[in-house]
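Report on the structure given below.
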Amino acid sequence: MVRRPVMFAIGFGAAAGAGLLFQPYWLDLCNRINSRPFVGMNGAISRGSECSPVSAMTMSGNFLIGFGLFMLVIGPIVFSLIHVLRHGYNWESSRVETAVSNLPMLAGLLYIAAGAGLAIAGS
24 MVRRPVMFAI
34 GFGAAAGAGL
44 LFQPYWLDLC
54 NRINSRPFVG
64 MNGAISRGSE
74 CSPVSAMTMS
84 GNFLIGFGLF
94 MLVIGPIVFS
104 LIHVLRHGYN
114 WESSRVETAV
124 SNLPMLAGLL
134 YIAAGAGLAI
144 AGS
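For the sequence shown, the numbering used here begins at 24 and goes up steadily by one.
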């Protein structure tokens, strides 16, 4: 009862904190990537435009959205495998989606919603 909300809060804090740590380096990284020459389909060489700064809140929101997408795709697989390792598999049971596979997807949706809210509020 307490473990899942605590895990959700730790994931929220870790993703938002990673965004806050990455935010000062974003502008330099983006400009370095955009300054590289790009050869288009017609052979023309072009470069990207200058990047604009991103606020810390928006960067945290972007990281939360990315973490939410990760949880939607990879979370059910990882948590189901952990459940099988801890408890084994009951081969006689019917195939019913359990909280082990559905809660990570719900957490992913909540991370995406919170990240979108932070990104919109920060811009």
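Glycine included, each C-beta is placed from N, C-alpha and C at the ideal position.
query	result
What would DSSP say about SER103, mapped onto helix, strand or coil?	helix
Could you tell me if the beta carbon of MET94 falls within a distance shorter than 6 Å of some heavy atom in the ligand PLP?	No copy of the ligand PLP appears in this structure; indeed no ligand is present at all.
Between which residues of its own chain and ALA79 is the CB-CB distance below 6 Å, once the five residues before and five after are set aside?	LEU43, GLN46
I'd like to know if the segment 126-146 and the segment 105-112 are in contact, where contact means that at least 3 CB-CB pairs between them fall below 8 Å.	no
Using three-state DSSP, classify SER72 as helix, strand or coil.	coil
Identify whether VAL77 lies in helix, strand or coil by the three-state DSSP scheme.	coil
Taking the alpha carbon of ILE68 as the point to measure from, which residue in SER75, SER58, GLY131 has its own alpha carbon closest?	SER58
Could you tell me which residues DSSP pairs with PHE61 in its beta bridges?	SER69
Mark ASN65 as exposed unless 16 or more other C-beta atoms lie within 10 angstroms of its C-beta, in which case mark it buried.	exposed
Alpha carbon to alpha carbon, how far is ARG90 from VAL101?	The question names Arg, but residue 90 in the sequence shown is Phe. Between PHE90 and VAL101, the C-alpha separation is close to 14 Å.
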